[in-house]
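Colleague:
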Amino acid sequence: MTFGTFDVLHVGHVLILERARALGDQLIVGVSSDELNFSKKGRRPIYSQKDRVHIISALRCVDEVFIEESLEKKGDYLREHRASVLVMGDDWAGRFDEFKSICEVVYLPRTPSISTTEIIEVIRQAT
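Right under this line is the structure:
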């Protein structure tokens, strides 16, 4: 299982999802709701949660997608979906260790020089 906003999907997202899928029999992805993203980042995603769920669901490495409504429910989501591994990018290293009593926690290296925030800024500056 992994979680993310997955706004402005890029190769870094695809690579981490493919690597996460390779760690198990299936990959379940929690996509942050529009409201959760706003509370975390102070802005709404470029794409709606409906569109982001549709995009992530279309990837062949993803088996199931659900809406993550609350950061405080991560443990509940892991238990509900019977996750054996939680996979996150290494920029979150250590921040999800509290879930090691529920499942294995793995932090994968992110793709260098790729950031959704940077992509959005480049697009904004170009317009």
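When we follow our numbering, the leftmost residue of the sequence shown carries the number 5, and every step to the right adds one. We put the CB at the ideal spot given by N, CA and C, even for glycine.
1) I need the DSSP call for ILE106, collapsed to helix, strand or coil.
2) Starting from GLU72 and walking both ways along the beta strand (DSSP E), at which residues does that stretch end?
3) If I measure Cβ to Cβ from ARG25 and keep anything under 6 Å in the same chain, skipping five residues before and after, which residues do I get?
4) Looking at ARG114: is its Cβ nearer than 8 Å to the Cβ of ASP95?
5) Evaluate the contact criterion for the segment 33-50 versus the segment 70-83: three or more CB pairs, one atom per stretch, below 8 Å.
6) Cβ of VAL91 within 8 Å of Cβ of LEU112?
7) Which residue wins for smallest C-alpha separation from VAL109, given the options GLN129, ILE59, LYS78?
8) So what does DSSP say about SER61, is it helix, strand or coil?
9) Take GLY82 and list the residues in its own chain whose beta-carbon comes closer than 7 Å to its own, dropping the five residues that flank it on each side.
10) Name the two residues that bound the continuous beta strand (DSSP E) containing LEU90.
11) Whose CA, out of LYS44, ILE60, SER52, PRO49, lies closest to the CA of LEU19?
12) Can the beta-carbon of ARG47 be found closer than 8 Å to that of PHE10?
13) Taking the alpha carbon of ILE50 as the point to measure from, which residue in LEU21, ALA62, GLU76, VAL12 has its own alpha carbon closest?
Modeller: Quick answer:
1) coil
2) 68-72
3) LEU31, CYS65
4) yes
5) yes
6) yes
7) LYS78
8) helix
9) The sequence shown places Leu at residue 82, rather than the Gly named in the question. Excluding residues within five positions, the ones whose Cβ falls inside 7 Å are MET5, LEU90, PHE103, ILE106, CYS107.
10) 89-93
11) ILE60
12) no
13) VAL12
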